Amino acid sequence: MLDVLYFIIPITIASAAPLIFTAIGGVFSERSGVINIGLEGLMIMGAFIGILFNLFFADTFGAWTPWLALLVAMFVSALFATLHAVASISFRADQVVSGVAINMLGLAIALFSVKMIFGKGQTDFIQQKIPRFNVPFLEDIPIIGPMFFKLVYGSSIMAIAVAFIAWFVIYKTPFGLRLRSVGEHPMAADTMGIKVTKIRYIAVLISGGLAGIGGAVYSQTITNDFGHATINGQGFMALAAMIFGKWHPLGALGAALFFGFAQALAISSSSIKLLADIPSVYFHIFPYVLTILALAGFLGKAKAPKALGKPYVKGNR
Amino acid sequence: MLISDYNPITGYIALWNGIFGDSYAIGETIRQISPYLLAGLAVAFAFRTGLFNIGVEGQLIVGWFAAAYVGIAFDLPKIIHLPFALIAAAAAGALWGLVPGILKATLKVHEVIVTIMMNYIALHVVNALIKTLSGGGFKLERIHQSASLRSEFLSNLTDYSTLHYGIFVALAMVVVMWFILEKTKTGFELKSVGYNDNAARYAGMSANKNIVLAMVISGAFAGLGGAMEALGTFGNMSSMGGFTGIGFDGIAVALLGANTPLGVIFGATLFGSLKYGANNMPNEAGIPVEIVSIIIALVIFFVACGYIIRVGLIRLRNKKEEK
C-alpha cells in the first residue's frame, strides 16, 4: 500500500502543479468580477511560448532555460489576456463569448505558428526540462520524505507557494480588499474611490500570467513538446478546480491537488491491484462530475462573487 | 496573412479553389455545411431563450455515438432504420442538454460551466464506450447500409464527393426552428423568457419549464449534427483525442447569424466553406489550415465587442448632428 502511495503522490503533485497556477489565476480574475473561460487558451499560449523559448534558447541559457521560459510565457500570456480584458472590461463584451474566442484564438495562433516555424504539426522535443531534485533533509523523513520530497519538480513547490501568496494578497492586503470589493459590488467600491476598471485590468492580467506559467509548466514537465493536443482540457479543469475550491486560493489549491490525484489514478490505475478492475473512464470524468455536483450545491454552498460577469458602467444602478 | 509572410493572393485563390474549384469541391463544401448548420441552430436556439449552450460539442459527440450505435446494432428496413438512427441521435443530444437545463431551472446553476463539464464527460464516456463495444479497439464498425444518409445520386452529381442527404435534414431543421420560434405558442414563451424572464413569469409563463425545453431542443439539434457525421460523412465513429470543434464553431455561426434561422444558414455556409476550403490552402499556397480558425475566432471576438462599435457609431452621428 505504501509503495502505491510512493508511486501515486509524486504523479499527483506533478499533474496538479499546472492546474494550481491556472486555477489561482482564475481566482484573481473572477474575484474581480470578470469571468475567465479563456484560461484554456491562455494556458495553450503559455505552453507554446514555453516550448518555443526553450527550443530556441536552450544553448544560450543552459540550465536556466526552463525558468526563463516560464517568465516569457507569463508575459506573453498576460499580453494575450489583455485582449480579454479590453473586450470584457472596456468594451463591455459578453465575457463568456470573449473567453470562448480567446480559447479558439489561442489554439489557432499556436498551431499556425508551429506549422509556420517547424513545418509540421508539433514541435521538436525540448532538451532542457524543468529539473527534479531531492529536498535536502526533508527527504530523509520516513514515509513522508519519499512521498513528497524526493524527485520533486521545482515548479511544483513554486505552485504551492503561489497559492499561499495569492491567499495572502487577496485576504491580507489593501489590494486584495479592493479586488474583492470590485467583484462583489463595483458601485460601492467606486464610491469609495477605488478605480474599478484598473483593478479589473490588473486582475485579468495576473490571471493571464499565471495561466501562462501553468501552461509552460505543463508543457515543460509532462509533454516536453507542443502539438494540437498538448493542452487538452487542463484549462477547463483548472476552471473547475477554482469553482470547486469556492473561489478561494487555498480551496483552489486543494481542489487542484485532488483533481491531480484523479488524473494520477486514471494514468496508473491499471498497474494498481486494488483499482485495476475499475475502468479508467471513471477517473477521467470524476473532476467534471464533481464540479457539477459542487455547483448544484450538493457539496456545501459554492458562491460566486456577486458582480461576476457584469460589466461595470459608471452611473448605472 | 501579410504579417506571417505568406502571399495573401495565392492564399485566397487557393481558398476559392478549395471551395468552388470543381464539382467535387462544391459537394464536399456542402457536406461540411450540414453539421455547421445544426450546431449553429443549437447555439442560436438556446441564445434566444437567454441561455449560452457551450455544450453543443458534447451533445454532438453523444449524438454521433448514438447514431453510429443504432446504425450498427439494428437490422431494419431503411424507411424505419434511418429515422430511428436520427431520432436516437437527437434523443441522446437532448438528454445531454436536459441535465444542464434541469440544473439551471431548479438550482440556478449557471449553464455555461455545467455544459463545459458535460463536454468532457461526453468525450471520455464515448471513448470508453467505443473501446468496450469494439473489444478494446479504437473504432466502431461501419453502420449498415440501411441507416446511411449516403446517396449515390448526390455523390455522382458532384464527382464522387461524400455529399449526402444530411444537408436536407439540416435545412429541414432550419424550417423547424423557424416554425417553433415564430409560429407556435411555445416559441413565443421561449423568446419571452429570453427577453425578460421576470416579465414572462408575471405573464403566467413558467420560466423553468421553458429553460429546460430550450436546452432539450438545442441539444436535439446538436445531436442531429452528430448524426450527420455518423450516418453521412464518416459512416462510423473512431475514439477521439480531442473535440471536433464543430460545436465551438457553432457559436460563431450563431453569433454571425444573429441567432435567427435564416442568419444561421448564412453563417454556416460561410464558415463551412471557409473550413473546407482552407484544406486546399496548404497544398496550393503553403499556408497552414489554422488561418481559418484564427479568422473564426476573431469574428467571435469582434461580434462580442459589437457594443462599443455601436456606441462609437451613435457618438459619431450625434457629433454630426451637433455641427
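First to last, the protein sequences are chains R and D. Counting with our numbering, you get residues 1 to 317 for the letters of the first sequence. Counting with our numbering, you get residues 1001 to 1323 for the letters of the second sequence. Glycine included, every Cβ here is placed at the ideal spot set by N, Cα and C. None of these values were measured; they are calculated from a predicted model.
D/H1124, DSSP secondary structure in three states: Under the three-state reduction of DSSP, D/H1124 is assigned to helix.
Please identify, using Cβ separations under 9 Å, the residues of the region 1029–1040 of chain D that lie next to chain R, in order along the chain. Answer in chain order: no residues at all.
Against R/D94, what residues of chain D qualify as contacts under a CB-to-CB distance less than 7 Å, listed in chain order? Within chain D, the residues near R/D94 are A1304.
### Message
Looking at chain C, is there any beta carbon in it that lies within less than 8 Å of the beta carbon of R/K115?
### Response
Within the model displayed, chain C is absent; protein chains R and D are what it includes.
Compute the Euclidean distance between the alpha carbons of D/G1204 and D/D1197, then round it to the nearest angstrom.
-> Straight-line Cα distance between these residues: approximately 11 Å.
Name the DSSP beta bridge partners of R/F133, please? Per DSSP, R/V152.
> Would you call R/A87 buried or exposed, if buried means 16 or more other Cβ atoms sit within 10 Å of its Cβ?
Replying inline: Buried.
Cutoff 8 Å: D/A1128 Cβ touching any chain R Cβ: Interface residue, yes.
> Since D/M1118 and D/G1058 are thought to touch, with beta carbons under 8 Å apart, how far apart are those beta carbons, to the nearest angstrom?
Replying inline: D/M1118 to D/G1058, Cβ: 5 Å. Contact.
Quiz item: CB-CB under 8 Å to D/I1300, same chain, minus the five flanking residues each way: which ones, in chain order?
Solution: Counting only residues of its own chain and dropping the five nearest sequence neighbours on each side, D/I1300 has a CB closer than 8 Å to the CB of I1251, A1252, L1255.
Neighbouring residues, chain D, relative to R/N232 (Cβ below 8 Å):
Ordered by position in chain D, the residues that pass the 8 Å Cβ test against R/N232 are G1241, G1242.
### Message
To the nearest angstrom, how far is the alpha carbon of D/G1166 from that of D/G1232?
### Response
When rounded, the separation of the alpha-carbon atoms in D/G1166 and D/G1232 is 7 Å.
Determine which residues of the region 283–295 of chain R have a Cβ less than 7 Å from any Cβ of chain D, and write them out in chain order. From the region 283–295 of chain R, only H284, I285, Y288, V289, T291, I292, L295 have a Cβ closer than 7 Å to chain D.
Does DSSP put D/K1139 in a helix, a strand or coil? Look at D/K1139 here: in three-state DSSP terms it is strand.
Short-range partners of chain D found in the region 197–221 of chain R, where Cβ spacing is below 8 Å = Residues passing the 8 Å Cβ filter: none.
Original post:
From R/H84, R/A17, R/L239, R/V289, pick the residue whose C-alpha is nearest to that of R/Y201; which is it?
Top reply: The option with the nearest alpha carbon to R/Y201 is R/H84.
R/F53 to D/I1080 span [Cα, whole Å]: Straight-line Cα distance between these residues: approximately 58 Å.
On the DSSP bridge assignment, give the partners of D/S1238 in chain order.
D/S1238 pairs with D/K1139.
Taking its Cβ as the centre, do 16 or more other Cβ atoms sit within 10 Å of D/N1127, making it buried, or is it exposed? Answer is buried; the Cβ neighbour count reaches 16.
request  = Put R/H84 into one of helix, strand or coil per three-state DSSP.
outcome  = Secondary structure of R/H84 (DSSP, three-state): helix.
- Assigned secondary structure, D/H1081 (DSSP; H/G/I helix, E/B strand, else coil): Three-state result, D/H1081: helix.
Practice task
Would you mind telling me which residues of chain D sit closer than 7 Å to R/P279, beta carbon to beta carbon, in chain order?
Solution key: Neighbours of R/P279 on chain D, chain order: A1128.
| Which stretch, first to last residue, makes up the alpha helix (DSSP H) that contains R/A238? | Looking at the DSSP string, the run of the alpha helix (DSSP H) that includes R/A238 is 234–244.
- Using a C-beta to C-beta distance shorter than 8 Å, which residues of chain R count as neighbours of D/V1253? Correct list: empty, because the minimum Cβ distance to chain R is about 13 Å.
Check your understanding: With respect to the alpha helix (DSSP H) encompassing R/M116, which residues constitute its N-terminal and C-terminal limits?
Key -> It spans 95–118 - the alpha helix (DSSP H) in which R/M116 sits, taken as one unbroken run.
Q. Does the separation of the CB atoms of D/L1098 and D/V1216 fall below 8 Å?
A. Contact: yes.
Is the shortest distance between the beta-carbon of D/P1083 and the beta-carbons of chain R less than 8 Å? No, D/P1083 does not count as interfacial toward chain R.
Give the DSSP-derived three-state secondary structure of R/R180 in the structure shown. The three-state secondary structure of R/R180, taken from DSSP, is helix.
Interface partners of D/P1288 on chain R, CB under 8 Å
Correct list: L111, F112, K115, M116.
Please check the pair R/L70 and R/V182, which I expect to be a contact at CB under 8 Å, by giving their CB distance rounded to whole angstroms. R/L70 to R/V182, Cβ: 28 Å. No contact.
Scan the region 1161–1178 of chain D for residues whose Cβ lies nearer than 8 Å to a Cβ of chain R and list them as they occur along the chain.
Answer set for the region 1161–1178 of chain D: empty.
message = I want to verify the contact list: residues of chain R whose CB lies under 7 Å from the CB of D/M1326, in sequence order.
response = A question about residue 1326 of chain D goes unanswered here, because the residues of chain D that appear run from 1001 up to 1323.
Practice item. Please state whether DSSP places D/M1117 in a helix, a strand or coil. Key: Of the three classes helix, strand and coil, the one that applies to D/M1117 here is helix, per DSSP.
Roughly how many angstroms separate the alpha carbons of R/I292 and R/T60, rounded to a whole number?
Whole-angstrom Cα-Cα distance: 47 Å.
- Item | For D/C1305, the nearest candidate out of R/F91, R/F48, R/A63, R/A14 (CA to CA) | The shortest C-alpha separation from D/C1305 is found at R/F91.
Quick one: is R/W167 buried, meaning 16 or more other Cβ sit within 10 Å of its Cβ, or exposed? Buried.
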